[in-house]
Amino acid sequence: MNPLTMNHNLGLLADGGSLLFRPPSSTAAADVDRLFYFILAICVVFFVLITGVLSLFLVRHYRRPGQRVQPSPSHNNWLEIAWSVVPAILVAVIFMWGFIGYLNARTPPDDSYEIQVVAKKWSWAFIYPNGHVDNNLHVPVDRPVSLVMSSDDVIHSLYVPAFRIKMDLVPGRYSKTWFEAIQSGEFDLFCTEYCGTGHSLMNALVIVHPSGEFETWLNKTATFLIEITTVEAGKLLYARRGCAQCHSVDGSAKAGPTFQGIFGAEHRMASGEDIVVDENYIRESILQPQAKVRAGYRPVMPTYQGQLKDEEITALVQYIKSLK
Amino acid sequence: MNTLALNRKPDEPRGGTLHGEPTVNYLHCSRGWKSWLLTLDHKRIGVMYLVGILSAFLLGGIIALVIRLELFTPGKAFLSEDRYNELFTLHGAIMTFVFIIPSIPAALGNFLLPLMLGQKDVAFPRLNLASFYFWLGGAIFFLIAMLVGGLDTGWTFYTPYSTTTSSTVIAATFGIFILGFSSIFTGINFIVTINTMRPPGMTWFKMPLMLWALYATSIIQVLATPVLGITVVLLTAESLFGIGIFSPELGGDPVLYQHFFWFYSHPAVYIMILPAMGIISELISVFSRKPIFGYRFIAYSSIAIALLGFLVWGHHMFTSGQSKLSAIIFSALTFSVSIPSGIKVFNWLATMYKGSIRLATPMCYAVSFILLFTIGGLTGLFLGALATDVHLHDTYFVVAHFHYVMMGGTLIAFLGGLHYWWPKMFGRMYSEFWGRLSCLVIFLGFNLTFFPQFILGTQGMPRRYARYEPEFQWLHQLSTIGSLLLGVGLVMAAAVLVHSLIRGRLASANPWGSATLEWTCDSPPTHHNFESIPPATDAYDYQDLVFDDEQDGYVRTPAEEEPLPDDAQQPVLI
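Chains as they are written, first to last, in the numbering used here: chain D, 3 to 326; chain F, 5 to 578.
1. List in chain order: all unbroken beta strand (DSSP E) runs of 3+ residues lying wholly within the region 317 to 377 of chain F.
2. Scan the region 452 to 474 of chain F for residues whose Cβ lies nearer than 8 Å to a Cβ of chain D and list them as they occur along the chain.
3. Is any beta-carbon of chain D found at less than 9 Å from that of F/LYS428?
4. Do D/ASN106 and D/ALA43 have their C-beta atoms closer together than 9 Å?
5. Taking only beta carbons into account, state which residues of the region 349 to 373 of chain F come closer than 8 Å to chain D, listed in chain order.
6. Could you please give the first and the last residue of the uninterrupted beta strand (DSSP E) stretch that includes D/GLU268?
7. Would you tell me roughly how many angstroms separate the C-alpha atoms of D/ALA235 and D/ALA246, rounded to the nearest one?
8. What residues in the region 315 to 342 of chain F have a beta carbon less than 9 Å from any beta carbon of chain D?
9. If we define contact as Cβ-Cβ less than 9 Å, is F/GLU74 a contact residue for chain D?
10. Quick one: complete alpha helix (DSSP H) runs, 4+ long, within the region 75 to 109 of chain F?
11. For F/LYS294, go through chain D and note every residue whose CB falls closer than 7 Å to its CB, in chain order.
12. Taking F/ILE332 as the reference, give the member of F/LEU390, F/VAL445, F/SER483 with the closest Cα.
13. Tell me, please, whether the CB atom of F/ASP570 is closer than 9 Å to any CB atom in chain D?
14. Go ahead and pull the three-state DSSP assignment for D/GLY308.
15. Nearest by alpha-carbon distance to D/SER27: which of D/ARG70, D/ASP190, D/LEU92, D/ARG108 is it?
16. Would you verify that the beta carbon of F/TYR558 is, or is not, closer than 9 Å to some beta carbon of chain D?
17. Let's see if you can read the secondary structure: which residues bound the beta strand (DSSP E) around D/THR179?
18. Since F/LEU387 and F/VAL402 are thought to touch, with beta carbons under 8 Å apart, how far apart are those beta carbons, to the nearest angstrom?
19. Once you ignore the five residues that flank F/GLU25 on each side, which residues in its own chain have a CB closer than 7 Å to its CB?
20. What's the gap between the Cα of D/ILE167 and the Cα of F/GLU253?
21. Report the CB separation of D/LYS178 from D/PHE265 in whole angstroms; it is logged as a contact under 8 Å.
22. D/VAL34 touches chain F at which residues, Cβ-Cβ below 7 Å?
23. What does DSSP give as the partner residue(s) for D/PHE192 in the beta ladder?
24. What would DSSP say about F/LYS428, mapped onto helix, strand or coil?
25. Using a beta-carbon distance below 9 Å, is F/PRO212 in contact with chain D?
26. Comparing the C-beta of F/ASN164 with each C-beta of chain D, is any distance below 9 Å?
27. Determine the closest residue to F/GLY282 out of F/ASN351, F/GLY557, F/SER330, with distance taken between C-alpha atoms.
28. Are any of the Cβ atoms in chain F nearer than 9 Å to that of D/VAL147?
29. In its own chain, which residues sit with a C-beta less than 7 Å from the C-beta of D/GLY19, not counting the 5 before and 5 after it?
30. F/GLN123 and F/PRO203 - do their beta-carbons sit closer together than 9 Å?
31. Pair every Cβ in the region 179 to 186 of chain F with every Cβ in the region 215 to 232 of chain F, then say whether three or more of these pairs are closer than 8 Å.
32. Could you give the uninterrupted runs of the alpha helix (DSSP H) lying entirely in the region 21 to 102 of chain D, keeping only those of 4 residues or more?
33. Could you check how far apart the C-beta atoms of F/MET496 and F/LEU419 are, in whole angstroms? I think they sit under 8 Å.
34. What span of residues does the alpha helix (DSSP H) with F/PRO230 cover, start to end?
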C-alpha cells in the first residue's frame, strides 16, 4: 500500500520492516507509522512543489542577453493569505492526530500487567511481581504491559523502536509508559538519554513470549538459584544484573576491571594501598563500590545495597572465583 | 574607487587608480596590532569576529570529521567511549555557542549594519569592542573549562549527569553566560542603532529585510540570554549551599533544569536562523533583480518567529515526564512557528517569478538554502507531532533535522552572505567558477552526510552512541563518506576566498547590482564609510542600476530608457 514499504528484504531489514521502520510490533506502532506516512506525504508534496517551482523559475527566468525583468506584482494579499492558511490547516490536522496518539500512549489500560523498571549506569533491572529481577524485559504477547520506571542515578530513557515507545526515567520520581506487543520474538531496547561512558552499550532485549509461555518462564525464575550450581547462578546474575556492562570475563578492559583472574590477585587501589582480592573485598565492592576503587578506574559503579540478596552475592563471588 | 592602490605591489595585475583618486580603506588606514585590537571601527571588529568564529568552525568541523570516522565501524575504530563522548560534547558546544550563534549577527552583522544604514558606526562603538572581548574571553574560558574537566555531558549539560560526574559544569555554563553577554551587547547595540540611526527617508518598512532580521535577532538575544545567567546562579547556589533545585537528592527536580536550559537554547535556535533568513531575502532579490515579494509579510514573520520562538521550548521534553497538558500546549505552539517560516519560503519563490536570475555564487548558496531549509523545516513536522516525536526523539532523526536547519540553513546562508559581501569587505572578487563548484560540492556532501541519518533515526538508532548495532552500519558509512565530501567542499570554499585576497580582481563598489546602501560606499569602505549620510533609496529597486564596463560594476543612473543588465556585458569571472 505504501510506496516506501519495501517487500523485498535488503538483507539489512528485518522481515516485515520497511526502509524506514522496523516491523510495527505493538498495538500503537501501526498508528504512529500511519501518522508518519501522512506527514511524509505532505512533506513530499510540498518539497516537490517548492523544488518544481524553484527549478521552473530558474530555467524560465534565467538571465540571458536581452532578457528583461517582466512586470509582476510586489505582493498579493490573497495569495499570501492562502499560503498561510492552507499550511495552518494542515498542521492543525497533524497536531490533532499526534495529540490523540500521544494521549493513548500515555494512558495504560486498567488491566495491564505491571513491571517495575529501575535503570542505573549502565544496566536495566526489570522487576517482576514475584521478586525476580532480569536484565531483559520478558513480556507476554497480546497483553497490555505497563512499566513503572525510576532511575538510581542519572536520567535514562527507555526506547523500544519496534514498539515506537520512549519514556525518560528520572531520578526522584516515577514515570510510566505502556505497550501491548502483537507478535512474539526479540526486540531491541535502547537507552536514549545520554548517561555517560556505557550509554551506547546500555541496551537490552524485549523478549515477547508466545501465548501461555510467559507464565511458565516466570514460575521457573523463582527457583533458578536452587536448581543450578552456585557458579552457574553467579554467571546468570552476572549477565542479568548489569555486571557484564562494565566487567569483562575475558581479560579485556571496560569501564571496570575484568573479572578474569582477579580473585586472589593483589591490586593497587586509587588510595595507593595494595589489596588482595578476596570474598570480603568483592562483597564490599558490590555493596559499597566507592570504598576501595582500583587504581586507573573512575569511581562510577552504582551500589547494589538492598538490591542483591546474600545468596546472590555469594553466587557472584563463587562465579568470579571460578574465572581463572 | 580603487582603494587598494596604496598597498599594491608593483607587479600586481591591475594597478593604478582605475576609478578615481586613491582613498585609504579601513584595512589600511592605520597599522600595527594595536590599531586592530583596540579599534572602535565596526568593520575591523566584524573582521576580528569573522576570524574568530571561523577558527571555532574549523575546530568544531575537524572534531565532527573525527566523530564520523569513528562511526564508520559499529565497534571501536580508534576512540574509547569516554573520548568519543568528550568529542561530541566539544563539537556541539563549540558549534552552537562559539560559532553559529555569533556567526551572522556578530561577524557579518557588525560589518554591515552601519553600512546598510549609511552610518559611520554602530550607536555604541566601545560596547561593540567590549562584546568582541567578551566573546573571546568567554570562548577561551568555555574551552578551558571543558578541556580541563574532560566534560562529556553533551552540549545540553543535563542534570543530574552533569552535576554528579563533572566538577566543571558550572564553569562551562558560566563560560556560555560570558558568551551570552557578548550577544546581549551586540543585541542592544543593534536595537539602538536601528531605532535611532536610520538615515533620512528610511522608515521601518523601507529597511532592507536583513535589518529586520538582525533587529528580531537582537530582541531575542537581549531577552533570552539572561535566563542563562539565572541558570548559572541556581546551579551555583545548589552546589555551594545545598539548596535543592535540580538535584533529586536534595529534593530538586532534574527536569526543571531542562526547562531553564531550553528556555534559553530554543530561542537561541531562532538567533541562529533569523539572520540567515535575512541574508537569503537580500540574495534572492538582488540576483533575481526583483523587489522582494510580500515585503511586509517577511518583515512581520521575522518578528512573529522571534516572539513565538519564546513559547516552544517544551517541545524538547515530550518524553521527559513533563505533564501531558504541557506537552500538548507546546506541541500546538510549535506548529504555530512553522507558518511564518513557510511564508518566507513561498515569498522567496514568488520573488524569483518573472525575474532575471543570475546564478552567481551567493545565489547558488541561496538556492541551496531554500532546498535544505525546506527539508529541515518539513522534517520538524514529524517532531512537533507528539505521537511521532515519542518514537523519533533523541534518535538520529533529530540529529539530521537540526543539522538541516542549523547547517543547511544558517551555515549555508552565512556562506552565501560571506560570498556576497566579500567584495565589500575585502575589495576583491573571487573565482566564480570555483566558488560555484565548491557550493555544489558542499550541497552534495551535506545531503550525503545527513540524509541517511533520517533513516537511521526512523529505524531506531539513538543519538550520542559511541557503538551501534551492525544493522545501522551502511547508513553510517554513507554518512561518513558524505562528511568527507562536505569537508572537501568547505576547504575548497575557503581556498577560493583566501586565493581571492591574494590574486583576486579588484572589486568595484557595486559588483552585484544591489540597491541597498552598503553598496554605495567604496569596496572596501573607507574608515568613515561615507563622506556624508546618503539619502535612503528603495532597497529593492533595481531599475536604475546598470552595468558599467569601465567601473566593472553597477552604477545608478537616472531612470530613462536603458538596456537592462545581462551577463553578456560582464566579463567571465574565472
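By construction, the Cβ of each residue, glycine as well, lies at the ideal position given by its N, Cα and C atoms.
These numbers were taken from a predicted model, which means no experiment stands behind them.
The answer reads as follows:
1. Here no run is fully enclosed.
2. Flagged, chain order: ILE459, THR462, GLN463, GLY464, PRO466, ARG467, ARG468, TYR469, ALA470, ARG471, TYR472, GLU473.
3. No, because no Cβ of chain D sits closer than 9 Å to the Cβ of F/LYS428.
4. No, these two residues do not count as a Cβ contact at 9 Å.
5. Listed in sequence order: VAL349, PHE350, ASN351, LEU353, ALA354, MET356, TYR357, LYS358, GLY359, SER360, ILE361, ARG362, LEU363, VAL371.
6. For D/GLU268, the enclosing beta strand (DSSP E) stretches over residues 268 to 270.
7. Take the alpha-carbon of D/ALA235 and the one of D/ALA246: they are about 14 Å apart.
8. Look at the region 315 to 342 of chain F: the residues with a C-beta under 9 Å from a C-beta of chain D are MET321, PHE322, THR323, SER324, GLY325, LYS328, ALA331, ILE332, SER335, ALA336, THR338, PHE339, SER340, SER342.
9. Contacts with chain D at 9 Å (Cβ-Cβ) do not include F/GLU74.
10. Assignment of alpha helix (DSSP H) within the region 75 to 109 of chain F, counting only whole runs of 4 or more residues, yields 85 to 97 in chain order.
11. Here the neighbours are VAL71.
12. The candidate whose alpha carbon is nearest that of F/ILE332 is F/LEU390.
13. Below a pLDDT of 50, predicted positions are generally treated as unreliable, and F/ASP570, at 49, falls in that range; the measurement from the model is reported next regardless. Yes, its Cβ sits closer than 9 Å to a Cβ of chain D.
14. DSSP places D/GLY308 in coil when its eight states are reduced to three.
15. The residue from D/ARG70, D/ASP190, D/LEU92, D/ARG108 with its alpha-carbon nearest to that of D/SER27 is D/ASP190.
16. No, no contact with chain D.
17. Where D/THR179 is concerned, the enclosing beta strand (DSSP E) stretches over 177 to 182.
18. Contact holds; Cβ gap of about 7 Å.
19. Confidence in F/GLU25 is poor, its pLDDT being 47 and thus under 50, which makes the residue's placement unreliable; the coordinate value appears in the next sentence. If we look at F/GLU25 and ignore the five residues flanking it on each side, it has no Cβ neighbours.
20. CA-to-CA, the gap between D/ILE167 and F/GLU253 works out to about 28 Å.
21. Between D/LYS178 and D/PHE265 a beta carbon distance of about 42 Å is seen, past the 8 Å cut, so the two are scored as non-contacting.
22. Chain F residues near D/VAL34: ALA391, THR392, HIS395.
23. Answer is D/TYR161.
24. Helix at F/LYS428.
25. Using a Cβ-Cβ cut-off of 9 Å, F/PRO212 does not count as an interface residue toward chain D, since no Cβ of chain D sits closer than that to its own.
26. According to the sequence provided, residue 164 of chain F is Pro. The question's Asn does not apply to it. Yes, contact with chain D.
27. Nearest C-alpha to F/GLY282: F/ASN351.
28. Cβ-Cβ to chain F under 9 Å: no for D/VAL147.
29. Within the same chain, D/GLY19 has close Cβ partners PRO25.
30. A contact, by the Cβ cut-off of 9 Å.
31. Taking one beta carbon from each stretch, the region 179 to 186 of chain F and the region 215 to 232 of chain F have 3 or more pairs nearer than 8 Å; the two touch.
32. Restricted to the region 21 to 102 of chain D, the alpha helix (DSSP H) segments that are unbroken, complete and at least 4 residues in length are 31 to 62, listed in chain order.
33. About 11 Å separates the two Cβ atoms, so there is no contact after all.
34. 213 to 245 is the extent of the alpha helix (DSSP H) around F/PRO230.
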